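In full-length UniProt numbering, the protein residues as written are 1 to 124.
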């Protein structure tokens, strides 16, 4: 049925996160994720809304785990970008200090997008 809106959490199943999010914790639960993802859909579809202030967040991930976040051919990071609506940049190996084994992930977007992207990355 084309009149039914796509479930914002549908992408979470593709990421393998749908069953991994406990609903009884103090953190984000599926309902909160749906609200965040839904807010991204509404924000992106409504051009008359005043723009929300953009923010950036940096986090580090060990180089040996970065493949879990990027996924084969970049599929996982692309899905996280699509679900969250955030711009996500992962530093190259050449951009880090020689003694540092961590990669820097920079997440930029409105506060909801950044929070959702950060959560999805941490769940990987």
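Backbone N, C-alpha and C define an ideal beta-carbon position, used for all residues, glycine too.
Everything numeric in this text was worked out from a predicted model, so none of it was measured.
Whole-angstrom distance between residue j and residue i, CA atom to CA atom
i	j	result
residue 22	residue 90	Note that residue 22 has pLDDT 44, beneath the 50 cutoff, so the model's placement of it is unreliable and the number below is only indicative. Using only the alpha carbons, I get a separation of about 28 Å.
residue 88	residue 73	16 Å
residue 112	residue 106	15 Å
residue 117	residue 99	28 Å
residue 119	residue 75	17 Å
residue 80	residue 64	19 Å
residue 103	residue 71	15 Å
Spatially closest choice to residue i from the options, by CA coordinates
i	options	result
residue 123	66, 56, 109 and 100	66
residue 60	101, 86, 82 and 75	101
residue 121	77, 63 and 99	77
residue 92	85, 116 and 62	62
Spatial neighbours of residue i in its chain, beta-carbon cut-off 8 Å, leaving aside the 5 residues before and after
i	result
residue 54	108, 109 and 110
First through last residue of the beta strand (DSSP E) which encompasses residue i
i	result
residue 102	102-109
Secondary structure of residue i, DSSP reduced to three states
i	result
residue 71	coil
residue 55	strand
residue 124	coil
Close Cβ partners of residue i (< 7 Å) along its chain, the five nearest in sequence each way excluded
i	result
residue 69	61, 76, 77, 121 and 124
residue 57	107, 114 and 118
Beta-carbon proximity list for residue i, same chain, < 6 Å, skipping 5 on both sides
i	result
residue 86	107, 109, 113, 114 and 117
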